[in-house]
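K.L.:
I am attaching a structure below and will ask some questions about it afterwards.
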Amino acid sequence: MWRHMAKSVQLLVDGKPHDFPVVTGSEGEQGFDITKLRADTGLITLDPGYGNTGSCQSAITFIDGDKGVLRYRGIPIEEFAGNPDFIEVAWLLIFGRLPNQEESTRFRARLTANAHLHEAMKYHFEGFPADAPPMAMLSAMINTLGCFHAEMHALKGDELFEEAAARLISKIRTIAAFIYRRLHGLPYMYADPKLRYCANLLHMMFSMPHDQHRVDPEIEKALNLIFVLHADHEQNCSTSTVRMVGSSKANLFASVSAGVCALWGPLHGGANVEVLEMLEQIHKGGLTADNYIEMAKQKGSGVRLMGFGHRVYKNYDPRAKMLQGISDRVLTKLNVKDPLLDIARRLEEQALKDDYFVARKLYPNVDFYSGIIMRAMGIPTSMFTVMFAIGRLPGWIAHWKEQSEESTSRIARPRQIYTGPVDKHYVPIEQR
Ligand code: CMC
Numbered sequence: 010m011w012r013h014m015a016k017s018v019q020l021l022v023d024g025k026p027h028d029f030p031v032v033t034g035s036e037g038e039q040g041f042d043i044t045k046l047r048a049d050t051g052l053i054t055l056d057p058g059y060g061n062t063g064s065c066q067s068a069i070t071f072i073d074g075d076k077g078v079l080r081y082r083g084i085p086i087e088e089f090a091g092n093p094d095f096i097e098v099a100w101l102l103i104f105g106r107l108p109n110q111e112e113s114t115r116f117r118a119r120l121t122a123n124a125h126l127h128e129a130m131k132y133h134f135e136g137f138p139a140d141a142p143p144m145a146m147l148s149a150m151i152n153t154l155g156c157f158h159a160e161m162h163a164l165k166g167d168e169l170f171e172e173a174a175a176r177l178i179s180k181i182r183t184i185a186a187f188i189y190r191r192l193h194g195l196p197y198m199y200a201d202p203k204l205r206y207c208a209n210l211l212h213m214m215f216s217m218p219h220d221q222h223r224v225d226p227e228i229e230k231a232l233n234l235i236f237v238l239h240a241d242h243e244q245n246c247s248t249s250t251v252r253m254v255g256s257s258k259a260n261l262f263a264s265v266s267a268g269v270c271a272l273w274g275p276l277h278g279g280a281n282v283e284v285l286e287m288l289e290q291i292h293k294g295g296l297t298a299d300n301y302i303e304m305a306k307q308k309g310s311g312v313r314l315m316g317f318g319h320r321v322y323k324n325y326d327p328r329a330k331m332l333q334g335i336s337d338r339v340l341t342k343l344n345v346k347d348p349l350l351d352i353a354r355r356l357e358e359q360a361l362k363d364d365y366f367v368a369r370k371l372y373p374n375v376d377f378y379s380g381i382i383m384r385a386m387g388i389p390t391s392m393f394t395v396m397f398a399i400g401r402l403p404g405w406i407a408h409w410k411e412q413s414e415e416s417t418s419r420i421a422r423p424r425q426i427y428t429g430p431v432d433k434h435y436v437p438i439e440q441r
């Protein structure tokens, strides 16, 4: 039986009270600290999916899922719409405040200086089959990158950390572009130091040696916004993975490489691919948005409305709202008439007034619109989650740094309730 108190929580175990201190965050959310629970009571908590478990205290990102609020280092996400670029946001997340002019210039110079990969890494790309999954390549190549920068495995001090962060943020872009070129059998294009971060990525993906890809400022702006909106989302599956791996003191490259694998899954970053596949399935299969919604509502149909629902947001995902606006502008600018966008709008319209979705508080999430915008930019569906990873990288780095600097940080090692057989004995193979 639980009884809430003002400053602590009391748990009665077989009638004996045990007090646990309440920890209050800067936005007023509360959790009670059960660090001593097992030692005091012999019990552990059971929370599959960790929906009620705070794995850490963090000063990076705040989400109020009921109100649809998202803030980076205290700044509402909406304020990033027209202002800072992705690089400024990355520095903010990692170092805790907006960079001044000198810091911003220095960080950008580091990014430019680090845009190229070691030439030997090209051979690693060649070793992948032509149809290798891009996220597998991305994870493998980030770990490979760690082999080329072994001096960055132990990161002491902000100066070295800034260099490591710049290397990763700059080189992930080159790796992503090279993955695209490898998959399409195109010659690798090197970064152009005159271009900004997003324009340079599009250049490395789409330029040809004889024909420089012209990047429309509106498209560059849209890609920048996609990256900014994906930059951090507190303790999601991939970020928790980065923290989990980092808690064993694994280096930053290895930890981020693991984060990429976690992001790959269709219930996480892979959902942007699933959204497009769902829209295509509706379009090509002659279904209507309404048919699909009915299927998604049926238990046992195995169908979900991809791009809808969120573990934390029980309101409109503020990132989806911002992307919805820009998707209209990008499609108009590129003069794209995309039937998939019409289906997406219809799905959204219908789901938002359907009792099933309303009762479960299922709103569009960030993946619902990002795929449509990237598709209009000419980015193939198979690369969507790679783009998400580029955006999420500053968040992963920020969390890895925050955790590595905590004096109380311990290796992450959850417990379990064992439900397997008991009292069994080994039987030699000839007697089985
Ligand atoms: N379509 C239809 N029903 C849904 C959906 C959906 N997209 N999402 C949840 N539900 C239902 C679910 O069947 C359950 O119904 P009931 O209570 O009757 O059993 C109820 O809503 C609660 O669902 P849940 O699976 O317990 O919720 P969760 O918090 O474990 O899952 C989620 C969150 C995002 C995995 C889930 O909503 C989902 O699968 N959405 C589609 C995939 C998607 O868009 N993922 C991207 C997430 S945002 C990007 C990111 O952060 O990675």
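Residue numbers (this note's numbering): 10 to 441.
Note that the Cβ used here is the ideal one computed from N, Cα and C, for glycine as well.
Computed from a prediction, not measured in an experiment: that's the story for all the values here.
Within the chosen definition, does the segment 186 to 200 reach the segment 124 to 139 through at least 3 CB pairs nearer than 8 Å?
P.N.:
Yes: the two stretches touch, three or more of their Cβ pairs being nearer than 8 Å.
K.L.:
Give the list of continuous alpha helix (DSSP H) stretches no shorter than 4 residues that lie fully inside the segment 79 to 133.
P.N.:
With a minimum length of 4 residues, the continuous alpha helix (DSSP H) runs that stay inside the segment 79 to 133 are 95 to 104, 110 to 122.
K.L.:
DSSP three-state call for phenylalanine 137: helix, strand or coil?
P.N.:
Numbered from its first residue, the sequence shown carries residue 137 at position 128. In the structure shown, phenylalanine 137 sits in coil (DSSP, three-state: anything other than H, G, I, E or B).
K.L.:
Considering only residues of the same chain and omitting the five flanking positions on each side of leucine 232, which have a CB-CB separation below 6 Å?
P.N.:
The count along the sequence shown starts at 1 and reaches residue 232 at position 223. Answer for leucine 232: Cys207, listed in chain order.
K.L.:
Using 8 Å as the threshold, is the C-beta distance between alanine 240 and proline 403 below it?
P.N.:
Here residue 240 refers to the residue found at position 231 when the sequence shown is read from its first residue. Here residue 403 refers to the residue found at position 394 when the sequence shown is read from its first residue. Against a cut-off of 8 Å, the Cβ pair of proline 403 and alanine 240 comes out as a contact.
K.L.:
Below 8 Å between beta carbons: does that hold for phenylalanine 89 and valine 98?
P.N.:
On the sequence shown, residue 89 is found 80 positions in, with the first residue counted as 1. On the sequence shown, residue 98 is found 89 positions in, with the first residue counted as 1. Cβ atoms of phenylalanine 89 and valine 98: closer than 8 Å.
K.L.:
Is there at least one non-hydrogen atom of ligand 1 closer than 7 Å to the beta-carbon of alanine 122?
P.N.:
Numbered from its first residue, the sequence shown carries residue 122 at position 113. No, the Cβ of alanine 122 stays beyond 7 Å of every heavy atom of ligand 1.
K.L.:
Run the CB neighbour count on alanine 159, radius 10 Å, all protein chains shown included, and call it buried at 16 or more, exposed below.
P.N.:
For the purposes of this step, residue 159 is taken as the residue at position 150 of the sequence shown. Exposed: under 16 other Cβ atoms inside 10 Å.
K.L.:
Determine, using beta carbons only, whether glycine 77 and aspartate 326 come nearer to each other than 8 Å.
P.N.:
Mapped onto the sequence shown, residue 77 falls at position 68. Mapped onto the sequence shown, residue 326 falls at position 317. The answer is yes: Cβ separation under 8 Å.
K.L.:
Cβ of methionine 315 versus every heavy atom of ligand 1: is any distance shorter than 7 Å?
P.N.:
Reading the sequence shown from its first residue, position 306 is the one you call residue 315. Under cutoff, so the answer is yes.
K.L.:
Report yes if the C-beta of leucine 46 is less than 7 Å from at least one heavy atom of ligand 1; otherwise report no.
P.N.:
Position 37 of the sequence shown, counted from the first residue, corresponds to residue 46. Incorrect: leucine 46 has no Cβ contact closer than 7 Å to ligand 1.
K.L.:
Quick check on DSSP: helix, strand or coil for glutamate 53?
P.N.:
Position 44 of the sequence shown holds residue 53. The sequence shown places isoleucine at residue 53, rather than the glutamate named in the question. Coil, per DSSP.
K.L.:
Within 10 angstroms of the Cβ of glycine 309, are there 16 or more other Cβ atoms? Answer buried if so, exposed if not.
P.N.:
Indexing the sequence shown from 1 puts residue 309 at position 300. Per the 10 Å Cβ criterion, exposed.
K.L.:
Please name the residue or residues paired with aspartate 73 in a DSSP beta bridge.
P.N.:
Locating residue 73 in the sequence shown gives position 64, counting from the first residue. Val78, per the DSSP bridge assignment.
K.L.:
Between isoleucine 188 and chain B, is there a C-beta pair that is closer than 8 Å?
P.N.:
The structure shown has no chain B; it contains just one protein chain.
K.L.:
From the DSSP output, which residues share a beta bridge with serine 35?
P.N.:
In the sequence shown, counting from the first residue as 1, residue 35 sits at position 26. None; serine 35 has no bridge partner.
K.L.:
Looking at leucine 52: is its Cβ nearer than 8 Å to the Cβ of leucine 46?
P.N.:
In the sequence shown, residue 52 corresponds to position 43, counting from 1. In the sequence shown, residue 46 corresponds to position 37, counting from 1. Yes; because the gap between Cβ atoms is below 8 Å, this pair is in contact.
K.L.:
Can you grab the Cα-Cα spacing for the pair valine 31 / isoleucine 43, in whole Å?
P.N.:
Counting from one through the sequence shown, the residue named residue 31 turns up at place 22. Counting from one through the sequence shown, the residue named residue 43 turns up at place 34. Distance between the alpha carbons of valine 31 and isoleucine 43 is about 9 Å.
K.L.:
At which residues does the alpha helix (DSSP H) containing valine 436 begin and terminate?
P.N.:
Locating residue 436 in the sequence shown gives position 427, where the first residue counts as 1. Counting along the chain, valine 436 falls outside any alpha helix (DSSP H), and DSSP gives it neither H nor E.
K.L.:
Could you give the uninterrupted runs of the alpha helix (DSSP H) lying entirely in the segment 189 to 274, keeping only those of 4 residues or more?
P.N.:
Here the runs fully enclosed are 206 to 215, 226 to 239, 246 to 255, 261 to 273.
K.L.:
Is asparagine 374 near ligand 1 - that is, is its Cβ less than 7 Å away from at least one heavy atom of it?
P.N.:
Taking the sequence shown and counting its residues from 1, the one referred to as residue 374 is at position 365. Asparagine 374: yes, Cβ under 7 Å from ligand 1.
K.L.:
Hey, valine 367 and glycine 316: beta-carbon distance below 8 Å or not?
P.N.:
In the sequence shown, the residue the question calls residue 367 occupies position 358. In the sequence shown, the residue the question calls residue 316 occupies position 307. The answer is no: Cβ separation not under 8 Å.
K.L.:
Given 8 Å as the limit, is there contact between the segment 393 to 401 and the segment 237 to 251, that is, 3 or more CB pairs closer than that?
P.N.:
At 8 Å Cβ cutoff, the stretches touch.
K.L.:
List the residues that DSSP assigns as beta-bridge partners of histidine 27.
P.N.:
Numbered from 1 along the sequence shown, position 18 holds the residue referred to as residue 27. Answer is Leu20, bridged to histidine 27.
K.L.:
Distance, Cα to Cα, serine 247 vs valine 345?
P.N.:
Here residue 247 corresponds to residue number 238 of the sequence shown, with the count starting at 1. Here residue 345 corresponds to residue number 336 of the sequence shown, with the count starting at 1. Approximately 33 Å, taken between the alpha carbons.
K.L.:
Counting along the chain, where does the alpha helix (DSSP H) carrying tyrosine 378 start and finish?
P.N.:
Position 369 of the sequence shown, counted from the first residue, corresponds to residue 378. From DSSP, the alpha helix (DSSP H) with tyrosine 378 extends over 375 to 385.
K.L.:
So, helix, strand or coil for glycine 60, using DSSP?
P.N.:
Position 51 of the sequence shown, counted from the start, is the residue given in the question as residue 60. The answer is coil: DSSP assigns glycine 60 none of H, G, I, E or B.
K.L.:
I'd like to check one pair, isoleucine 228 with aspartate 386: are the Cβ atoms closer than 8 Å?
P.N.:
By one-based count along the sequence shown, residue 386 stands at place 377. By one-based count along the sequence shown, residue 228 stands at place 219. The amino acid at residue 386 is misidentified as aspartate; the sequence shows methionine. For methionine 386 and isoleucine 228, yes; Cβs fall inside 8 Å.
K.L.:
Should valine 251 and serine 264 be called a contact, given that it needs their Cβ atoms to be closer than 8 Å?
P.N.:
Residue numbering aside, residue 251 sits at position 242 when the sequence shown is read from its first letter. Residue numbering aside, residue 264 sits at position 255 when the sequence shown is read from its first letter. Contact flag set, yes.
K.L.:
Could you tell me the distance, in whole angstroms, from the CA atom of tryptophan 100 to the CA atom of tryptophan 409?
P.N.:
Indexing the sequence shown from 1 puts residue 100 at position 91. Indexing the sequence shown from 1 puts residue 409 at position 400. Approximately 14 Å between the Cα atoms of the pair.
K.L.:
Are there 16 or more other CB atoms within 10 angstroms of the CB of glycine 34, so buried, or fewer, so exposed?
P.N.:
Your numbering for residue 34 matches position 25 in the sequence shown. Glycine 34 comes out exposed.
K.L.:
Label isoleucine 382 either buried or exposed according to how many other C-beta atoms from any shown protein chain fall within 10 Å of its C-beta, with 16 as the threshold for buried.
P.N.:
For the purposes of this step, residue 382 is taken as residue 373 along the sequence shown, with counting starting at 1. Classification for isoleucine 382: buried.
K.L.:
Should asparagine 260 go down as buried or exposed, given a rule of 16 or more other Cβ atoms within 10 Å for buried?
P.N.:
Your numbering for residue 260 matches position 251 in the sequence shown. Buried is the call here.
K.L.:
Work out the CA separation of leucine 164 and phenylalanine 170 for me, nearest whole Å.
P.N.:
Position 161 of the sequence shown, counted from the first residue, corresponds to residue 170. Position 155 of the sequence shown, counted from the first residue, corresponds to residue 164. Answer to the nearest angstrom: the Cα atoms are 6 Å apart.
K.L.:
Since aspartate 299 is in the alpha helix (DSSP H), which residue starts that stretch and which ends it?
P.N.:
Working through the sequence shown from its first residue, we reach residue 299 at position 290. First-last of the alpha helix (DSSP H) with aspartate 299: 298 to 306.
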